[in-house]
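Participant: Just passing along the structure, written as structure tokens.
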Amino acid sequence: MKQASVKSFFQSDMILYLVILFLVEFVRGAALISFLPIYGNKVLGLDLDVIGAAITAHYLTDTGLKLAIGFVLDRLSVRTVVSVGLLCSLVGIAALQFADIPWVFITAAAVYGIGISPIWIVCLTKIKEDKRATQMGFLYTVWLVGLGSGPVVTNLLLDHYDKHLTYWVMVAFALVAFLLSLLISGKRSMHIDIVPFRKQLSILGSRLRDMKLLLPGMVLQTLGAGMLLPILPSFAEKSLGMSTTHYSILLFIGGGCTVLGLIPMGKLSDKFGKKWFLIIGFLCFGIVLFALTGKPPLALALFWAFVLGISYAAVLPAWNALLAAYVPPGQQGLGWGLLSTVEGIGGMIGPVVGGLLATKYSSSSVVGIAGIMFIVISMIYIFFPFRIFRGEALPPSSGAKT
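Under the working numbering, the residues of the sequence shown are numbered 327 to 728, in order.
Structure below.
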């Protein structure tokens, strides 16, 4: 069964989607975690609040378009939606060479955000229901290898070469992703039910009412993560005393442990349920972030990166398997688009909040606040009624009845 699950997941078209996803996330990780904060602060001399605003602008366009992308994916070919989006992202990355003033810097980041959503939502719609958490583990492995290797490579290039080489590597990866998207089949391959758009919104509205207890956690966890994005390089350098190379090692350990843990954690989540994976994962995440504000020595900081990676691996497959229960059958594109939009609200607000707090106080205070938020999230999931959910799709809600 395990081999069959893996083999069915890696169909010929899925391999192409996963390669494109890797390239897209490589550039996203390189841009958001390393290039924009380091280049913007050290080369352009921009304050952390401006960098936070640029990252928020990226997530604003990314999140704002998720619902529309889900809608058009249910009606247009995957190739059209993905290739047009990736062309916009290529333009945004290319515009960074002209980003010598704040508004250009922010605008380029916003344009870049346009093309991120389609390929991710397409991959989500390919997941099989019976092995969702396990297959989400494979999907997140590809996603995290791309997202994690991007900043590691970028940090090394920025440390040993110059910003121009780093920039052209990002442009090259974005260009290859766009060219590969032209190879996607022009057929509309998703199985959908033909339901009027107003009816689909009614169904999704019912799903959101069903999941109202999840909404605070959805927004808070992306808010906490978003707050960290613009300040992580500054926090690693000023509070932890790390060089760019040490920061790369920290990211490599955290990301590597997440990648190695995703598939086994996904299988365990399929077998034992989602509740305690979410509670313990978020609790450990919050405790470790708060512990990092104590300025631990390098060896201890690297150990905490290991714990963060394992905690993230426990959370990701369980969380997305939980969300999948609220996606109406037949409207996967629109359903995942809406859920991703709700999740993205925190991602939109987080970077600018983190940047402002770091500018007014310190980057260490932002990390501590984010840690407290993740601890609160774990408490929320203790009281979430998991008894109404066992990993299967919810029955049709009132908005779905005919």
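For each residue, glycine too, the CB sits at the ideal point set by N, CA and C.
Can you tell me which of Val-668, Gln-547, Val-693, Gly-418 puts its alpha carbon nearest to the alpha carbon of Arg-535?
Facilitator: That would be Val-668, whose Cα lies nearest to the Cα of Arg-535.
Participant: How about Leu-482 and Thr-492: do their beta carbons lie closer than 7 Å?
Facilitator: It is not a contact, given that the beta carbons lie outside the stated cut-off.
Participant: Looking at the structure shown, is Tyr-438 part of a helix, part of a strand, or coil, going by DSSP?
Facilitator: It is helical.
Participant: Return the chain-ordered list of same chain residues with a C-beta closer than 6 Å to the C-beta of Gly-680, the five sequence neighbours on each side being excluded.
Facilitator: Closer than 6 Å at Cβ, skipping near neighbours: Gly-378, Met-553, Pro-556, Ile-557, Val-692.
Participant: Roughly how many angstroms lie between the CA atoms of Val-398 and Leu-665, to the nearest whole one?
Facilitator: C-alpha separation (whole angstroms): 15 Å.
Participant: Looking at Ser-560 and Ser-689, is the spacing between their C-beta atoms short of 7 Å?
Facilitator: A contact, by the Cβ cut-off of 7 Å.
Participant: With distance defined between alpha-carbon atoms, name the residue in Phe-608, Leu-344, Ile-579 nearest to Leu-450.
Facilitator: Taking only the C-alpha atoms, the option nearest Leu-450 is Leu-344.
Participant: Alpha carbon to alpha carbon, how far is Ile-698 from Thr-467?
Facilitator: Using only the alpha carbons, I get a separation of about 27 Å.
Participant: So, at 6 Å on beta carbons, what are the nonlocal neighbours of Ser-637 in its own chain, with the 5 sequence-adjacent residues on each side left out?
Facilitator: Same-chain partners within the cutoff: Gly-607, Cys-610, Phe-611.
Participant: Decide yes or no for the touch test of the region 542 to 552 against the region 344 to 364: beta carbon pairs closer than 8 Å, at least 3 of them.
Facilitator: With the cut-off at 8 Å, the region 542 to 552 and the region 344 to 364 do not touch.
Participant: Could you give the DSSP three-state label for Arg-401: helix, strand or coil?
Facilitator: In the structure shown, Arg-401 sits in coil (DSSP, three-state: anything other than H, G, I, E or B).
Participant: Which stretch, first to last residue, makes up the alpha helix (DSSP H) that contains Ser-443?
Facilitator: 443 to 451 is the span of the alpha helix (DSSP H), which, as asked, contains Ser-443.
Participant: Nearest-angstrom Cα distance between Ala-381 and Ile-706?
Facilitator: The displayed chain sequence assigns Ile, not Ala, to residue 381. Approximately 28 Å between the Cα atoms of the pair.
Participant: Under DSSP, the alpha helix (DSSP H) around Leu-649 begins and ends at which residues?
Facilitator: Looking at the DSSP string, the run of the alpha helix (DSSP H) that includes Leu-649 is 624 to 650.
Participant: For Gly-476, collect the residues of the same chain with a Cβ closer than 6 Å to its Cβ; drop the 5 residues on either side in sequence, then sort them by chain order.
Facilitator: Hits under 6 Å: Phe-352, Gly-355, Ala-356.
Participant: Going by Cα to Cα distance, which pick from Ala-551, Val-478, Leu-465, Ile-440 is closest to Ala-500?
Facilitator: Ranking the options by Cα distance to Ala-500, first place goes to Ile-440.
Participant: Does DSSP put Lys-600 in a helix, a strand or coil?
Facilitator: It is coil, neither helix nor strand.
Participant: Sort Phe-464, Gly-676, Val-633, Leu-362 by Cα distance to Asp-426 and report the nearest one.
Facilitator: Closest by alpha carbon: Leu-362.
Participant: Would you decide whether Trp-469 is buried or exposed? Buried here means 16 or more other CB atoms lie within 10 Å of its CB.
Facilitator: Label assigned to Trp-469: buried.
Participant: Would DSSP call Lys-564 helix, strand or coil?
Facilitator: Of the three classes helix, strand and coil, the one that applies to Lys-564 here is helix, per DSSP.
Participant: What's the C-alpha gap between Ile-589 and Ala-644?
Facilitator: Spanning the two alpha carbons is a distance of roughly 11 Å.
Participant: Please name the residue in Arg-405, Leu-465, Asp-373 whose C-alpha comes closest to that of Asn-646.
Facilitator: Among Arg-405, Leu-465, Asp-373, the Cα nearest to that of Asn-646 is on Leu-465.
Participant: When the Cβ atoms of the region 572 to 581 are set against those of the region 621 to 637, are three or more pairs found closer than 8 Å?
Facilitator: Contact holds: three or more Cβ-Cβ distances are below 8 Å.
Participant: For a test of the three-state rule: what should DSSP assign to Leu-372, helix, strand or coil?
Facilitator: In this structure, Leu-372 counts as coil in the three-state DSSP scheme.
Participant: Residue range of the alpha helix (DSSP H) that Thr-548 falls in?
Facilitator: Counting along the chain, the alpha helix (DSSP H) containing Thr-548 begins and ends at 541 to 554.
Participant: Is Glu-718 buried or exposed, if buried means 16 or more other CB atoms sit within 10 Å of its CB?
Facilitator: Confidence in Glu-718 is poor, its pLDDT being 42 and thus under 50, which makes the residue's placement too unreliable to answer from.
Participant: Can you give me the C-alpha to C-alpha distance between Trp-630 and Leu-412, rounded to a whole angstrom?
Facilitator: So the two alpha carbons sit approximately 35 Å from each other.
Participant: Mind reading off the beta-carbon distance from Phe-598 to Val-641? Whole number of angstroms is fine, and I expect it under 8 Å.
Facilitator: The Cβ separation is near 14 Å, so there is no contact.
Participant: Which same chain residues, not among the five before or five after Phe-424, have their C-beta less than 7 Å away from its C-beta?
Facilitator: So the list reads Val-430, once near-sequence residues are dropped.
Participant: Would the beta-carbon of Leu-615 fall within 7 Å of that of Ala-696?
Facilitator: Contact: yes.
Participant: Do you know whose CA, among Ser-569, Gly-587, Asp-596, Gly-670, lies nearest Val-633's CA?
Facilitator: It is Gly-587.
Participant: Measure the CB-CB distance between Ala-551 and Met-591 and report whether it falls below 7 Å.
Facilitator: No. Outside cutoff.
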